[in-house]
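Residue numbers (the working numbering): 385 to 737.
All C-beta atoms in this analysis are idealised placements derived from N, C-alpha and C, irrespective of residue type, glycine included.
Just so it is clear, the structure is predicted and the values come from calculations on it, not from any experiment.
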Ligand SMILES: C[S@@+](CC[C@H](N)C(=O)[O-])C[C@H]1O[C@@H](n2cnc3c(N)ncnc32)[C@H](O)[C@@H]1O
Ligand code: SF4
């Protein structure tokens, strides 16, 4: 019988401080070094053991003999006319994911991916036409934030102010890793950012929205609604067939009771699909179910589908109706469209090479 020996070393960032401490003491090292190593790995984003200058050469050699640091690498960045920077990041196993820096007057936002591809097949989203290859681990999401923060400092001389989990993938289908990444991003041992500046966007997995409530998370939640009517939502978001609007409303109410965090509803106003006054009324009715605000977002055309944005007049009428009913509504213009860096356009494509 032949035995298969795995040559790949363990990713050291999968270990907790306590596990690392145990490992070090079992290997004749001082346990307190674990905290120093963890600080190098997260706060200082070291990509090699050689950088860990307060460890002895012997300790560094011991670590590199047994572990590796699976950092992501920046494969390519493209800058849009409006300053948006889209980056392709290469993962240790060769997969590519994308992250985007979105500069605005009052904020610098990182849009990060949570999965390689997506399994939810929303009809208007480029990522939905790719297969889901795998979930990202916490370090792979954390590394995107670190890399995009560097880009913000290099290009605009300011650090990131906000993070949105709105890149490739459905964050709530990678629940544990997404929460772990946010824990690292917000903890003083990591980047120390406020959870109030982080938004996780979901296509709507009712069970996991409730779990967010049970976990009493401090970050913001956005629901990609796009239709407040099951028949229409089923047509563009197949996940709605098993997570109806009624189930979602109930889950959101539960989430709100537990966290007191107001929900954001994302709504693309598609031409001749969900742009009538009746659609606006249904959306208004839905917003009454839970404290919420509405972001009307522009559709970024993708090759696979032939949706169109509604006209300016209809869009204004739609937004004015909501406003007249006391709904907090923002109309958001899309960014980075010339390089396919806008929401829903992330599918590892290059433009204008
Ligand atoms: C790409 S998704 C990732 C997060 C999560 N899977 C979700 O659906 O909310 C982020 C946001 O982009 C939106 N989106 C997807 N395709 C789009 C497109 N072609 N134009 C504009 N927004 C789009 C989604 O509806 C969602 O609000
Ligand atoms: S919109 Fe979100 S859930 Fe839907 S396919 Fe795109 S990434 Fe997946």
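- With fewer than 16 other CB atoms across the displayed protein chains lying within 10 angstroms of its CB, residue 416 is exposed.
- Beta-bridge annotation (DSSP): residue 483 is paired with 471.
- Taking each of 626, 405, 410 and 412 in turn and checking the Cα distance to residue 419, the smallest one comes out for 405.
- Collapsing the DSSP output to three states places residue 430 in coil.
- Contact between the segment 678-698 and the segment 621-640 is not established, with fewer than three Cβ pairs separated by less than 8 Å.
- For residue 500 and residue 584, the gap between their C-alpha atoms comes out near 17 Å.
- Pairwise C-beta distances place the segment 641-659 in contact with the segment 596-608, as three or more of them are shorter than 8 Å.
- The beta-carbon separation of residue 546 and residue 522, rounded to 19 Å, does not stay under the 8 Å limit for a contact.
- Set against 7 Å, the gap from the CB of residue 587 to the closest heavy atom of ligand 1 is smaller.
- Set against 7 Å, the gap from the CB of residue 608 to the closest heavy atom of ligand 2 is smaller.
- Each of 535, 556, 528 and 425 was checked against the Cα of residue 502, and the nearest Cα belongs to 556.
- At least one heavy atom of ligand 1 sits closer than 7 Å to the Cβ of residue 508.
- For residue 683, the three-state secondary structure derived from DSSP is coil.
- Per DSSP, residue 577 lies in no alpha helix (DSSP H) and is assigned neither H nor E.
- One Cα belongs to residue 708, the other to residue 463, and the distance between them is close to 38 Å.
- For residue 460 and residue 475, the gap between their C-alpha atoms comes out near 13 Å.
- Restricting attention to alpha helix (DSSP H) runs no shorter than 4 residues, the segment 503-581 encloses them at 522-540 and 559-570, ordered along the chain.
- Per DSSP, the beta bridge partners of residue 586 are 607.
- Excluding residues up to 5 positions away in sequence, 612 lie with their Cβ nearer than 6 Å to the Cβ of residue 667 in the same chain.
- In this structure, the CA atom of residue 674 is about 8 Å from the CA atom of residue 646.
- At a Cβ-Cβ threshold of 8 Å, residue 511 and residue 550 do not count as neighbours.
- Residue pairing from DSSP places residue 395 in a beta bridge opposite 452.
- The nearest non-hydrogen atom of ligand 2 is less than 7 Å from the C-beta of residue 553.
- Under the three-state reduction of DSSP output, residue 716 falls in the strand class.
- Within the segment 620-702, the complete beta strand (DSSP E) runs of at least 3 residues fall at 647-652 and 676-681.
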